[in-house]
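Asker: Here's a structure for you.
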Amino acid sequence: MTQPSVTVARLLFQQCVAASSKKGNSLEFIRNEISGYLLEKIELAKLNQNVWTKTLISISSSKKDKKVKKEMIPDPFYNNLPLVLQEFLSNKKVKWKNFSDVKIAELISSYETDKLELIHVMPGGSIPQHTHEGIENFLVLHGSYSDKYGIYMEGSMQTRDEDHDHKPIGHPLTGCIGLAYTNGKIKFSGKFSKILNFFTN
Amino acid sequence: MDNTSIFKMKTKVKNPFIDALKQIAAHQDKDSFKMIFDYFGPRLKSFLMSSGAEESIAEEVVQETMCVVWTKADYYDPKMASPSTWIYTIARNKKIDIFRKSRKAVLENIDIAILPPIIPHLEEDIEHDQKFEIINQYLNKLPKEQLGLLKMNFIEEKSHREIAEITKIPLGTIKSRIRLAIEKIRERIEKDKERPDLNNKTRSIN
Numbered sequence: 014m015t016q017p018s019v020t021v022a023r024l025l026f027q028q029c030v031a032a033s034s035k036k037g038n039s040l041e042f043i044r045n046e047i048s049g050y051l052l053e054k055i056e057l058a059k060l061n062q063n064v065w066t067k068t069l070i071s072i073s074s075s076k077k078d079k080k081v082k083k084e085m086i087p088d089p090f091y092n093n094l095p096l097v098l099q100e101f102l103s104n105k106k107v108k109w110k111n112f113s114d115v116k117i118a119e120l121i122s123s124y125e126t127d128k129l130e131l132i133h134v135m136p137g138g139s140i141p142q143h144t145h146e147g148i149e150n151f152l153v154l155h156g157s158y159s160d161k162y163g164i165y166m167e168g169s170m171q172t173r174d175e176d177h178d179h180k181p182i183g184h185p186l187t188g189c190i191g192l193a194y195t196n197g198k199i200k201f202s203g204k205f206s207k208i209l210n211f212f213t214n
Numbered sequence: 014m015d016n017t018s019i020f021k022m023k024t025k026v027k028n029p030f031i032d033a034l035k036q037i038a039a040h041q042d043k044d045s046f047k048m049i050f051d052y053f054g055p056r057l058k059s060f061l062m063s064s065g066a067e068e069s070i071a072e073e074v075v076q077e078t079m080c081v082v083w084t085k086a087d088y089y090d091p092k093m094a095s096p097s098t099w100i101y102t103i104a105r106n107k108k109i110d111i112f113r114k115s116r117k118a119v120l121e122n123i124d125i126a127i128l129p130p131i132i133p134h135l136e137e138d139i140e141h142d143q144k145f146e147i148i149n150q151y152l153n154k155l156p157k158e159q160l161g162l163l164k165m166n167f168i169e170e171k172s173h174r175e176i177a178e179i180t181k182i183p184l185g186t187i188k189s190r191i192r193l194a195i196e197k198i199r200e201r202i203e204k205d206k207e208r209p210d211l212n213n214k215t216r217s218i219n
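Protein sequence lines correspond, in order, to chains A and B.
Per my numbering, residue 14 is the first one in the first sequence, and the count goes up by one each step.
Per my numbering, residue 14 is the first one in the second sequence, and the count goes up by one each step.
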């Protein structure tokens with residue numbers, strides 16, 4: 014199998030962006046619909062008979078699953094996250110690392126490619142000066158933050174690279190919760206522009 | 014059981030799979046499930062194999078995708094995606110999931126296929142059917158070569174560079190053609206959205 018151009022972290026981030034952006038990321042919608050359209054027009058492959066039988070067997074044993082996954086974490090913090098993220102977090106513990114003004118939880122990390130983190134900046138707190146390895150896409154899930162480039166509201170997404178030197182400060186009342194998707198060095202040459210385009214579109 | 018009458022009841026069925034998914038969600042209706050399986054199974058297998066999966070893996074993904082369709086049908090929202098797009102997304106996620114397992118990546122056990130494919134709302138004031146219709150119409154009229162490029166990119170998951178190598182079309186052209194197709198669709202959706210307003214507002218002529 015060839016390596017898919019999408020990773021778990023990226024996909025999850027995209028879905029969160031899509032779910033959070035209030036106006037709607039219509040380009041992403043169209044991309045998906047094109048895929049759906051093409052799937053309907055694709056030439057048919059012959060499916061082995063036993064696939065249906067196997068499917069029937071597995072659905073009869075998968076009912077229990079449904080109830081487990083319906084359970085949501087009864088925490089107002091989680092309930093405000095995009096549904097995709099809630100689902101993703103529903104059966105795992107989030108380990109927060111505490112810094113003075115900010116808490117960071119690493120959700121997905123893969124040393125060779127990319128990383129997805131939940132970042133919680135306390136009200137009025139600031140994130141220490143930091144350098145980005147590769148590019149960082151930051152999606153504001155709750156509250157807002159500001160830096161010298163501007164103020165960023167809930168549902169907005171910013172892309173930062175190594176050239177950005179900033180010290181973000183969380184909103185004095187609400188603070189800021191955001192999802193950070195960092196793309197490592199590996200993607201720089203080939204996929205870099207593709208991903209950037211993808212997100213900024 | 015009134016399974017057989019389900020589709021006849023509707024006077025005008027736009028997309029039978031929307032109803033089928035509703036039936037699965039509400040009544041765990043196996044007939045509807047079979048209908049979806051028969052239609053999408055071979056298509057999914059074809060998509061998976063064209064994007065590099067071996068036959069056995071492709072069939073495994075089809076099976077798992079259908080399982081998700083069965084258990085997650087209540088997540089399906091016709092406002093957000095057409096059934097084929099929803100099912101396609103599940104299969105794509107499953108494929109990534111299996112690929113990841115096979116690579117023994119150092120990740121916790123995430124079942125990413127359970128992520129309901131959330132697809133953003135376009136602005137609310139346009140009818141959803143209309144929106145899908147616009148996309149269909151546009152793609153139906155698209156020249157074969159251009160549809161081929163989209164297929165290589167979206168279904169076979171080839172990069173722009175790979176497509177350029179295969180088709181011997183310059184990379185820049187590939188990029189702009191794919192982007193243009195998406196832009197054109199968006200323009201059409203936007204235009205369509207504006208139409209109802211024209212009755213109320215005085216029209217400015219460009």
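Backbone N, C-alpha and C fix where the C-beta goes; we use that ideal spot for every residue, glycine too.
Note that this is a predicted model, so its numbers are computed, not measured.
If I measure Cβ to Cβ from VAL30 of chain A and keep anything under 6 Å in the same chain, skipping five residues before and after, which residues do I get?
Answerer: Same-chain partners within the cutoff: LEU152 and MET170.
Asker: If you draw a straight line from the alpha carbon of SER64 of chain B to that of PHE53 of chain B, how long is it in whole angstroms?
Answerer: Taking the straight line joining both Cα atoms gives about 16 Å.
Asker: How many Å lie between LEU60 of chain A and ASN106 of chain B at the Cα?
Answerer: Approximately 20 Å, taken between the alpha carbons.
Asker: Under a CB-based cut-off of 8 Å, is GLU119 of chain A close to chain B?
Answerer: It does not; no Cβ of chain B falls within 8 Å.
Asker: Taking the alpha carbon of GLN150 of chain B as the point to measure from, which residue in B:ILE202, B:MET79, B:ASP87 and B:ILE37 has its own alpha carbon closest?
Answerer: For GLN150 of chain B, the nearest C-alpha among the options comes from B:ILE202.
Asker: Would you call the CB atoms of SER59 of chain B and GLU53 of chain A closer than 8 Å?
Answerer: Result no, Cβ atoms of SER59 of chain B and GLU53 of chain A do not sit closer than 8 Å.
Asker: State the Cα-Cα distance for the pair ILE179 of chain B and MET165 of chain B, rounded to the nearest angstrom.
Answerer: Rounded to the nearest angstrom, the two C-alpha atoms are 10 Å apart.
Asker: Output yes if chain A places a C-beta closer than 8 Å to the C-beta of ILE198 of chain B; else output no.
Answerer: Judged by the 8 Å Cβ criterion, ILE198 of chain B is in contact with chain A.
Asker: Using 8 Å as the Cβ pair cut-off and three pairs as the minimum, do the stretch 77 to 91 of chain B and the stretch 36 to 54 of chain B touch?
Answerer: Taking 8 Å as the limit for Cβ pairs, the verdict is that the stretch 36 to 54 of chain B does touch the stretch 77 to 91 of chain B.
Asker: Could you tell me which chain B residues have their CB closer than 8 Å to the CB of GLU149 of chain A, listed as they occur along the chain?
Answerer: Ordered by position in chain B, no residue passes the 8 Å Cβ test against GLU149 of chain A, which lies about 20 Å from the chain.
Asker: In angstroms with no decimal places, state the Cα-to-Cα distance between ILE191 of chain B and TYR194 of chain A.
Answerer: Rounded to the nearest angstrom, the two C-alpha atoms are 25 Å apart.
Asker: Which value, in whole angstroms, describes the spacing of the CA atoms of TYR101 of chain B and GLY49 of chain A?
Answerer: One C-alpha to the other measures close to 6 Å.
Asker: Taking Cβ positions, are VAL134 of chain A and GLY188 of chain A nearer each other than 8 Å?
Answerer: Yes, Cβ-Cβ distance for VAL134 of chain A and GLY188 of chain A is below 8 Å.
Asker: What residue ranges within the stretch 24 to 109 of chain B form continuous alpha helix (DSSP H) runs of no fewer than 4 residues, ordered along the chain?
Answerer: 29 to 40, 43 to 63 and 68 to 85, all fully within the stretch 24 to 109 of chain B.
Asker: Answer yes or no: do LYS43 of chain B and VAL74 of chain B have a C-beta to C-beta separation smaller than 8 Å?
Answerer: Not a contact, by the Cβ cut-off of 8 Å.
Asker: Taking PHE145 of chain B as the reference, give the member of A:GLU46, A:ALA32 and A:LEU24 with the closest Cα.
Answerer: The residue with the shortest Cα to Cα distance from PHE145 of chain B is A:GLU46.
Asker: Would DSSP call SER159 of chain A helix, strand or coil?
Answerer: SER159 of chain A: strand per DSSP, three-state reduction.
Asker: DSSP three-state label for GLU167 of chain A, please.
Answerer: GLU167 of chain A: coil per DSSP, three-state reduction.
Asker: Only counting the same chain, and skipping five residues up and downstream in sequence, which positions put a Cβ closer than 7 Å to that of ARG23 of chain A?
Answerer: Result list for ARG23 of chain A: ASP127 and TYR194, in chain order.
Asker: I want to see whether chain B comes within less than 8 Å of GLU167 of chain A, judged by CB atoms only; does it?
Answerer: No, no contact with chain B.
Asker: Per DSSP, what kind of secondary structure is SER172 of chain B in: helix, strand or coil?
Answerer: Coil.
Asker: Is it buried or exposed, VAL81 of chain B, if we count other Cβ atoms within 10 angstroms and call 16 or more buried?
Answerer: That one is buried.
Asker: Tell me whether GLN62 of chain A is buried or exposed, calling it buried when 16 or more other Cβ atoms sit within 10 Å of its Cβ.
Answerer: Exposed, by the Cβ-count rule.
Asker: Counting only beta-carbon atoms, is ARG190 of chain B nearer than 8 Å to chain A?
Answerer: Closer than 8 Å: no.
Asker: Quick one: list the residues of chain A neighbouring ASN106 of chain B, beta-carbon separation under 8 Å, in chain order.
Answerer: Those within 8 Å of ASN106 of chain B in chain A are LEU24.
Asker: Kindly indicate the opening and closing residues of the alpha helix (DSSP H) around SER33 of chain A.
Answerer: SER33 of chain A -> alpha helix (DSSP H) spans 21 to 33.
Asker: State buried or exposed for PHE112 of chain A, treating a residue as buried only when at least 16 other CB atoms are found within 10 Å of its CB.
Answerer: The residue in question, PHE112 of chain A, is exposed, as its Cβ has fewer than 16 Cβ neighbours within 10 Å.
Asker: Could you name the residues that DSSP lists as bridge partners for ILE132 of chain A?
Answerer: Its beta-bridge partners are A:ILE117 and A:GLY191.
Asker: Could you tell me whether the Cβ atoms of HIS173 of chain B and LEU184 of chain B are closer together than 8 Å?
Answerer: Going by C-beta atoms, HIS173 of chain B is nearer than 8 Å to LEU184 of chain B.
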